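Enquirer:
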Amino acid sequence: GMLGALWAAVVTASVPCGGRVSSGYGHSCAITKVGALLCWGSNDHGQLNVPPGYEWARVSAGKYHTCGITTSATLLCWGRDKHHEAETVAGHAWSDVSAGSSFTCGLTTTGRALCWGNNHFNEADVPAGKFESVHAGFGEHACGVETSKAVACWGQGWDGQLAVPAGFVWESVSVGWLHTCGVVAARRPGAAPAREGEGEG
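Here full-length UniProt numbering is used: the first residue of the sequence shown is 1, the next is one more, and so on.
1) Buried or exposed for Trp-170, please, with buried defined as at least 16 other CB atoms from any protein chain shown within 10 angstroms of its CB.
2) How long is the line joining the alpha carbons of Leu-114 and Val-126, rounded to whole angstroms?
3) Could you give the C-beta distance for Gly-62 and Glu-85, rounded to a whole number, given that I count them as a contact under 8 Å?
4) In or out: Cys-153 buried (at least 16 other Cβ within 10 Å) or exposed?
5) With a CB to CB cut of under 6 Å and the five nearest residues on each side skipped, what residues in its chain are close to Asn-119?
6) Work out the CA separation of Gly-106 and Gly-79 for me, nearest whole Å.
7) Using 9 Å as the threshold, is the C-beta distance between Thr-108 and Ala-93 below it?
8) Under a three-way DSSP split, which group does Glu-171 fall into?
9) Quick check: what's the CA-CA separation for Lys-33 versus Gly-41?
10) Report yes if the CB atom of Leu-75 is closer than 9 Å to the CB atom of Pro-51, and no otherwise.
11) First and last residue of the beta strand (DSSP E) that includes Val-59?
12) If you follow the beta strand (DSSP E) that Val-183 is part of, which residue opens it and which one closes it?
13) Determine the DSSP secondary structure at Phe-138, reduced to helix, strand or coil.
14) Roughly how many angstroms lie between the CA atoms of Tyr-163 and Ser-95, to the nearest whole one?
15) With a CB to CB cut of under 8 Å and the five nearest residues on each side skipped, what residues in its chain are close to Leu-3?
16) Which same chain residues end up closer than 8 Å to Arg-112 when comparing Cβ atoms and leaving out the 5 residues on each side of it in sequence?
17) Note down, in chain order, each residue of its chain lying with its Cβ closer than 7 Å to the Cβ of Tyr-64, except the 5 sequence neighbours on either side.
18) Tell me which residue opens and which closes the beta strand (DSSP E) that Val-97 is part of.
Pasting the structure below:
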């Protein structure tokens with residue numbers, strides 16, 4: 001954090017969270033035990049304006065927008081929509097969503113990953129495949145774990161953030177601004193030894 005008078009720590013009241021919490025650039029959201037969605041923090045783009053009348057199963061706080069999935073598998077987004085990142089794709093039932101900087105990715109119940117919004121670096125161009133998770137970061141790239149337990153990444157890769165280490169069985173992946181991290185379940189049979197910097201956990 002920053003020291004001095006520029007920033008002051010703010011402690012919110014406790015939230016009866018049901019296990020789903022997401023923090024964006026300047027706001028956070030949580031789903032309560034009864035399926036209500038609460039958001040707090042910056043609301044300069046309407047990212048706290050949760051649509052009323054829904055019970056929520058998933059939430060993802062992006063840079064200036066928020067997305068959530070209801071218990072009926074409907075995906076809704078709100079907040080800044082400069083690049084259409086807060087729009088939704090009709091005709092799908094959704095199992096997960098990841099709100100990034102200026103784009104959003106979602107996972108349908110059939111394992112199809114879709115991304116929309118800013119596509120300056122092809123971050124919305126999802127490769128073919130069936131996915132079990134997808135993650136849009138605050139940079140200009142996204143990654144997902146395929147049902148084969150391989151990781152696919154796409155978008156801006158100038159800093160090597162798309163260079164997935166080969167030979168691993170992946171459990172999860174998380175996308176940062178200019179880097180990517182993942183949790184490995186095992187090394188694939190016959191895979192070469194890991195290079196320096198390629199951990200196994």
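Backbone N, C-alpha and C define an ideal beta-carbon position, used for all residues, glycine too.
Every value quoted in this text rests on a predicted model; they were computed, and no experiment measured them.
Expert: So, from the data block:
1) The residue given as residue 170 occupies position 170 in the sequence shown. Its Cβ being crowded by 16 or more others within 10 Å, Trp-170 is buried.
2) Counted from its first residue, the sequence shown places residue 114 at position 114. Counted from its first residue, the sequence shown places residue 126 at position 126. For Leu-114 and Val-126, the distance between alpha carbons rounds to 6 Å.
3) As a working note, residue 62 is residue 62 in the sequence shown. As a working note, residue 85 is residue 85 in the sequence shown. Yes, they are in contact, since the Cβ atoms of Gly-62 and Glu-85 sit about 7 Å apart, within 8 Å.
4) Along the sequence shown, one-based indexing puts residue 153 at 153. Buried.
5) By 1-based counting over the sequence shown, the position of residue 119 is 119. Cβ within range, chain order: n/a, list empty.
6) Translated into positions along the sequence shown, residue 79 becomes position 79. Translated into positions along the sequence shown, residue 106 becomes position 106. Roughly 17 Å between the two C-alpha positions.
7) For the purposes of this step, residue 108 is taken as the residue at position 108 of the sequence shown. For the purposes of this step, residue 93 is taken as the residue at position 93 of the sequence shown. Against a cut-off of 9 Å, the Cβ pair of Ala-93 and Thr-108 comes out as a contact.
8) Position 171 of the sequence shown, counted from the start, is the residue given in the question as residue 171. Glu-171: strand per DSSP, three-state reduction.
9) As a working mapping, residue 33 is identified with position 33 in the sequence shown. As a working mapping, residue 41 is identified with position 41 in the sequence shown. If I take the Cα positions, the gap works out to 21 Å.
10) Taking the first residue of the sequence shown as position 1, residue 75 is located at position 75. Taking the first residue of the sequence shown as position 1, residue 51 is located at position 51. Their beta carbons are not under 9 Å apart, which means Leu-75 does not touch Pro-51 by this criterion.
11) The count along the sequence shown starts at 1 and reaches residue 59 at position 59. First-last of the beta strand (DSSP E) with Val-59: 56-61.
12) For the purposes of this step, residue 183 is taken as the residue at position 183 of the sequence shown. Segment 180-187, the beta strand (DSSP E) holding Val-183.
13) Position 138 of the sequence shown, counting from 1, holds the residue named residue 138. Correct three-state label for Phe-138: coil.
14) Position 163 of the sequence shown, counting from 1, holds the residue named residue 163. Position 95 of the sequence shown, counting from 1, holds the residue named residue 95. A quick correction: the sequence has Ala, not Tyr, at residue 163. If you take the alpha carbons of Ala-163 and Ser-95, they lie about 27 Å apart.
15) For the purposes of this step, residue 3 is identified with residue 3 of the sequence shown, where counting begins at 1. Note that Leu-3 scores 34 on pLDDT, short of 50, meaning its location in the model is unreliable and no value can be drawn from it.
16) Here residue 112 corresponds to residue number 112 of the sequence shown, with the count starting at 1. Answer for Arg-112: His-92, Lys-130, Phe-131, listed in chain order.
17) As a first step, residue 64 is located in the sequence shown; it is residue number 64 there, counting from the start. Around Tyr-64: Tyr-25, His-45, Gln-47, Gly-79, Arg-80.
18) Stepping through the sequence shown from its first residue, residue 97 is reached at position 97. Here the beta strand (DSSP E) through Val-97 covers 94-99.
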